[in-house]
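In the working numbering, the protein residues as written are 368 to 1037. Where a beta carbon is used, it is the ideal one built from N, C-alpha and C, also for glycine.
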Amino acid sequence: MSNDSMLEMYLFETTTLLDQLDSILLESEENEKLSSENINEIFRIMHTIKGSSAMMEFDTISHTAHKVEDLFYFVRDNGVEDQYFDDLMDLVLKVSDFLKVEIDKIHSNQPLSSENNELIEQIEDLLAIMESNQKVPDKDQKKEQKEEKAEKDIPEGNQVYYLHVHFDADSKMENVRAFMLINKLETIGKVLASVPDDPSNNKDAASYIAQNGFYVSLSSSLSKEEVLEIAKGTLSVNSVRFVDKLPEEEVEEETVVETKQKEQATDTTATAAANGRQAKQNLISVDLNKLDTLMDLVGEIVITESMVIKSPDLEGLELENFNKSARQLRKLTDELQDIVMSIRMIPISSTFQKMRRLVRDLNKKLSRNVELVLLGETTEVDKTIIDAIVDPLMHLVRNAMDHGIESAEERIAANKDPAGQIVLSAQNAGGDIIISVSDDGRGLDPDLILEKAKSKNLLTKPENEYSHKEILNLIMMPGFSTKETVSEYSGRGVGMDVVKKNIEKIGGTVTIESIKGQGTNILFKIPLTLAIIPSMLIRVGKEIYCIPISNIRESFKPAAKEVFSDPDNNEMIMIRGACYPIIRLYELYKIEDACQNIEDGILMLVDTGERLACIFVDELLGEHQVVVKPMPYYLSQFRITSSLGISGCTILGDGSISLILDVAGILNNY
């Protein structure tokens, strides 16, 4: 196996394992406990990453994974006390982030970090304090111990110092830092008391220390300057000052009323390993480029089959056996196409899980309490589309968290649940997938949007002529933003216009729905695959075009009496009580020999999800499996494709080229 192949396998496996790790940690946080199964799985993940990274000589990654493996070796045998659970989750997620950054560096051929001392120290510190943990006496016993300690005489010549210590703002696990400081001070004297008391066993100590600092009294023979120097030299200590006395303790102490039983996981690990070996026999990893090549070959087979069956040499011949074989070939070709497309399909759950992590982190950073609800995680989508929607979805979720969901105080004042909610859903709709991001926040303010668009000269018609929907769509125009200041979490210059462009690149559309004060819902409508799409062949004059079946609602022969003109002289037709505009393709594409009498042609009612209209054509030629080919680059440079509503082209059975119409583009430019 070549080194490149080994590296690709390593990157794929490690990325997959880190995604699994995040899912396990987020699930454990929601359940507020680590099950024995999850502990074993995290241990296995770290063991695998350690071994494979060592083999590839990525020493920093291997060493970091080894330290987490040691941590979970202890947790597997001893469990984890409640007061350490949050610190453990934060620390392992921090490790996951570090490893992902290192993997990204490998992808981009950048040098890896030479060391990771701070993170390693945090892992070692947490393991040390968990290993030294003892059962905490009850409150009465603690009170007696304090009184006994106070009654003891201070050794002759010793001084009593009262220290007020603050740790680095980004150090985290303040209770662990306080425990390490106590151990350091014990080497130069005797620690008499601290506030909060016994920080290692008090889960509320970390938040108290972060807000108020850590107080400790020390009996020592050293001078004040020497004590100060030693205290400041302790890891993560930011400042130390002497005070007159300790404050009254404000942290509620907890009594540990039960001890964790050791969870022997040898049998479970062996079973999991056996199951893993069995699963590997049924699954293989395939390079996406190979699947792209396979899809291209299937497309060529579809084209060749059409060329053979529709060969001009066969016209007028009665070939019963040939037609029978041709039908069988079409059946097999369709099955081959379906199988190849299904191979490229993967569940959207992997993308949704990234949003869970994003919401979790933003909840902590923004001090919010927002629940993320995921619906339709098993919906399968083409891998290319999965990769394309990650950034747009992350932008929408960030926007919802930072701008959409109000603070708890604002929500209470508006008679809302203090906890906000974001719903991320996916569902199949014919040949498309519908992905929505909705929140129950403050919604969009149409007046503010219109005012902002006016100030930036983005309006193309008088204000009073804009519908509610058109006003909301203004936020997707380049340069538009309703925020005056740039936030750390959103508004980084990648606005809704970029989201719209990214979705349109994969053939999708973006729809915005919002009610001020109630929330916002943003919909992506995206084709399930971009390679082969069922289409209707239509003729306009001598030209043949393709319209995706997913855009067609119905087709019919119109009567002249049903057609009328609106006040702006636009041609319209009434269908079951609703009016729709008529778009004549021969006028749009300047075709001279096309049918012009409305009763001699056919109207097709098309739907983009946002608008409906009728397209006038000469003739329907039947359904056809279209192999999508990109338009030449030089045409895109002159905006021919976007301005005329053309999304691509295909090769027909007779070898001629047919343009694939972009219905949304046609209606937007109409």
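Q: Would you tell me roughly how many angstroms separate the C-alpha atoms of asparagine 840 and isoleucine 1033, rounded to the nearest one?
A: Start at 1 with the first residue of the sequence shown, and residue 840 comes out as number 473. Start at 1 with the first residue of the sequence shown, and residue 1033 comes out as number 666. When rounded, the distance between both Cα atoms is 17 Å.
Q.
Going by DSSP in three states, serine 805 sits in which element: helix, strand or coil?
A. Indexing the sequence shown from 1 puts residue 805 at position 438. DSSP places serine 805 in strand when its eight states are reduced to three.
Q.
Could you tell me the alpha carbon to alpha carbon distance between glutamine 963 and isoleucine 919, rounded to whole angstroms?
A. Mapped onto the sequence shown, residue 963 falls at position 596. Mapped onto the sequence shown, residue 919 falls at position 552. Computed Cα separation, rounded: 22 Å.
Q) So what's glutamate 995 in DSSP terms, helix, strand or just coil? A) Walking along the sequence shown from the start, residue 995 turns up at place 628. Before going on, a small fix: residue 995 reads as valine here, not glutamate. Valine 995 falls in the coil class under three-state DSSP.
Q: Look at the alpha carbon of glutamate 625 and the alpha carbon of leucine 494, and state the distance between them as a whole number of angstroms.
A: Working through the sequence shown from its first residue, we reach residue 625 at position 258. Working through the sequence shown from its first residue, we reach residue 494 at position 127. Residue confidence for glutamate 625 is low, a pLDDT of 32 falling below 50, so the modelled location carries little weight; the figure read from the coordinates is stated next. C-alpha separation (whole angstroms): 20 Å.
Q: Using DSSP bridges, identify the partner residues of leucine 979.
A: What you label residue 979 is simply residue 612 of the sequence shown in a count that begins at 1. Looking at the DSSP assignment, leucine 979 forms a beta bridge with Asp974.
Q | Counterpart residues of asparagine 542 in DSSP-defined beta bridges | A | In the sequence shown, the residue the question calls residue 542 occupies position 175. Bridge partners of asparagine 542: none, in fact.
Q | valine 532 - DSSP class collapsed to helix/strand/coil | A | Stepping through the sequence shown from its first residue, residue 532 is reached at position 165. Residue state, collapsed to three classes: strand.
Q: Take glutamate 380 and list the residues in its own chain whose beta-carbon comes closer than 7 Å to its own, dropping the five residues that flank it on each side.
A: Locating residue 380 in the sequence shown gives position 13, counting from the first residue. So the list reads Ser419, once near-sequence residues are dropped.
(Q) For aspartate 784, count the other beta carbons within 10 Å of its own beta carbon; 16 or more makes it buried, fewer makes it exposed. Which is it? (A) Here residue 784 refers to the residue found at position 417 when the sequence shown is read from its first residue. It counts as exposed.
Q: Would you check if there are 3 or more beta carbon pairs closer than 8 Å linking the segment 768 to 777 to the segment 727 to 735?
A: yes
Q. Do valine 737 and methionine 761 have their C-beta atoms within less than 8 Å of each other?
A. What you label residue 737 is simply residue 370 of the sequence shown in a count that begins at 1. What you label residue 761 is simply residue 394 of the sequence shown in a count that begins at 1. No; because the gap between Cβ atoms is not below 8 Å, this pair is not in contact.
Q) Considering only C-alpha positions, which residue in the set Leu741, Phe425, Asp749 is nearest to isoleucine 789? A) As a first step, residue 789 must be located in the sequence shown, where it is residue number 422. Nearest of Leu741, Phe425, Asp749 to isoleucine 789, Cα basis: Leu741.
Q | Rounded straight-line distance, which links the Cα of alanine 781 to that of aspartate 565 | A | Locating residue 565 in the sequence shown gives position 198, where the first residue counts as 1. Locating residue 781 in the sequence shown gives position 414, where the first residue counts as 1. Computed Cα separation, rounded: 42 Å.
Q. Where arginine 727 and arginine 978 are concerned, what is the direct C-alpha to C-alpha distance, given to the nearest angstrom?
A. Your numbering for residue 727 matches position 360 in the sequence shown. Your numbering for residue 978 matches position 611 in the sequence shown. About 37 Å.
Q: Assess, as a yes-or-no matter, whether the segment 750 to 766 is touched by the segment 871 to 889 under the definition of 3 or more beta carbon pairs within less than 8 Å.
A: yes
**Q.** Residues near serine 716 in its chain [Cβ-Cβ closer than 6 Å; skip 5 each side]
**A.** As a working note, residue 716 is residue 349 in the sequence shown. Only Glu744 meet the Cβ criterion.
(Q) Within the continuous alpha helix (DSSP H) that includes leucine 595, where are the two ends? (A) Here residue 595 is taken as the residue at index 228 of the sequence shown, counted from 1. Leucine 595 -> alpha helix (DSSP H) spans 591 to 599.
Q. When the distance is taken between beta carbons, is leucine 970 closer than 8 Å to serine 922?
A. Position 555 of the sequence shown, counted from the first residue, corresponds to residue 922. Position 603 of the sequence shown, counted from the first residue, corresponds to residue 970. Against a cut-off of 8 Å, the Cβ pair of leucine 970 and serine 922 comes out as a contact.
Q | Minimum C-alpha distance to leucine 955 - residue among Lys400, Glu469, Val907, Val995 | A | Here residue 955 refers to the residue found at position 588 when the sequence shown is read from its first residue. Comparing Cα positions, the closest option is Val907.
**Q.** Run of the beta strand (DSSP E) containing isoleucine 889, from where it starts to where it stops
**A.** Mapped onto the sequence shown, residue 889 falls at position 522. Its beta strand (DSSP E) spans residues 886 to 894.
Q | Opening and closing residue of the beta strand (DSSP E) in which leucine 559 lies | A | If you number the sequence shown from 1, residue 559 lands on position 192. Element bounds for leucine 559: 556 to 562.
Q: Could you tell me which of Ile706, Arg711, Phe609, Leu699 sits nearest to asparagine 656, measuring between CA atoms?
A: For the purposes of this step, residue 656 is taken as the residue at position 289 of the sequence shown. The residue with the shortest Cα to Cα distance from asparagine 656 is Arg711.
(Q) Is the separation between the beta-carbon of threonine 947 and that of cysteine 981 shorter than 8 Å? (A) Looking up residue 947 in the sequence shown gives position 580. Looking up residue 981 in the sequence shown gives position 614. Reading off the sequence shown, one finds tyrosine at residue 947, where the question assumed threonine. In this structure, cysteine 981 lies closer than 8 Å to tyrosine 947 by Cβ.
Q. Hey, glutamate 1038 and isoleucine 916 are a contact pair by Cβ (cut 8 Å); roughly how many whole angstroms apart?
A. Past the boundaries of the shown model lies residue 1038; the chain is included only from 368 to 1037, so the question cannot be answered.
Q.
Within the continuous alpha helix (DSSP H) that includes serine 574, where are the two ends?
A. In the sequence shown, residue 574 corresponds to position 207, counting from 1. Serine 574 -> alpha helix (DSSP H) spans 572 to 579.
Q. So, is glutamate 682 buried or exposed, given that buried needs 16 or more other C-beta atoms within 10 angstroms?
A. Counted from its first residue, the sequence shown places residue 682 at position 315. Per the 10 Å Cβ criterion, exposed.
Q. Where does isoleucine 496 land, buried or exposed, given buried means 16+ other C-beta within 10 angstroms?
A. Counting from one through the sequence shown, the residue named residue 496 turns up at place 129. It counts as buried.
**Q.** Residue environment, phenylalanine 719, which counts as buried when at least 16 other CB atoms sit within 10 Å
**A.** As a working note, residue 719 is residue 352 in the sequence shown. When all chains shown are included, phenylalanine 719 counts as buried.
(Q) Spatial neighbours of methionine 547 within its chain, please: C-beta separation below 7 Å, excluding the five flanking residues on both sides. (A) As a first step, residue 547 is located in the sequence shown; it is residue number 180 there, counting from the start. So the list reads Asp492, Thr601, Leu602, once near-sequence residues are dropped.
Q) Does DSSP put aspartate 343 in a helix, a strand or coil? A) Residue 343 falls outside the range modelled here, since the chain spans only 368 to 1037, and no answer is possible.
**Q.** Burial state of alanine 927, where buried means 16 or more other Cβ atoms lie within 10 Å
**A.** Within the sequence shown, the letter at position 560 stands for residue 927. Looking at its Cβ environment, which holds fewer than 16 other Cβ atoms inside 10 Å, alanine 927 is exposed.
**Q.** Run of the beta strand (DSSP E) containing alanine 495, from where it starts to where it stops
**A.** As a position in the sequence shown, residue 495 is number 128, starting the count at 1. Not the beta strand (DSSP E): alanine 495 falls in the alpha helix (DSSP H), residues 484 to 498.
Q. Looking at the structure shown, is proline 478 part of a helix, part of a strand, or coil, going by DSSP?
A. As a first step, residue 478 must be located in the sequence shown, where it is residue number 111. Coil.
Q. Hey, would you say alanine 598 sits closer than 8 Å to valine 607, going by beta carbons?
A. By 1-based counting over the sequence shown, the position of residue 598 is 231. By 1-based counting over the sequence shown, the position of residue 607 is 240. In contact: alanine 598 and valine 607 (Cβ atoms closer than 8 Å).
Q) Helix or strand or just coil, what does DSSP make of leucine 774? A) As a working mapping, residue 774 is identified with position 407 in the sequence shown. In the sequence on display, residue 774 carries serine and not leucine. Here serine 774 sits in coil by DSSP.
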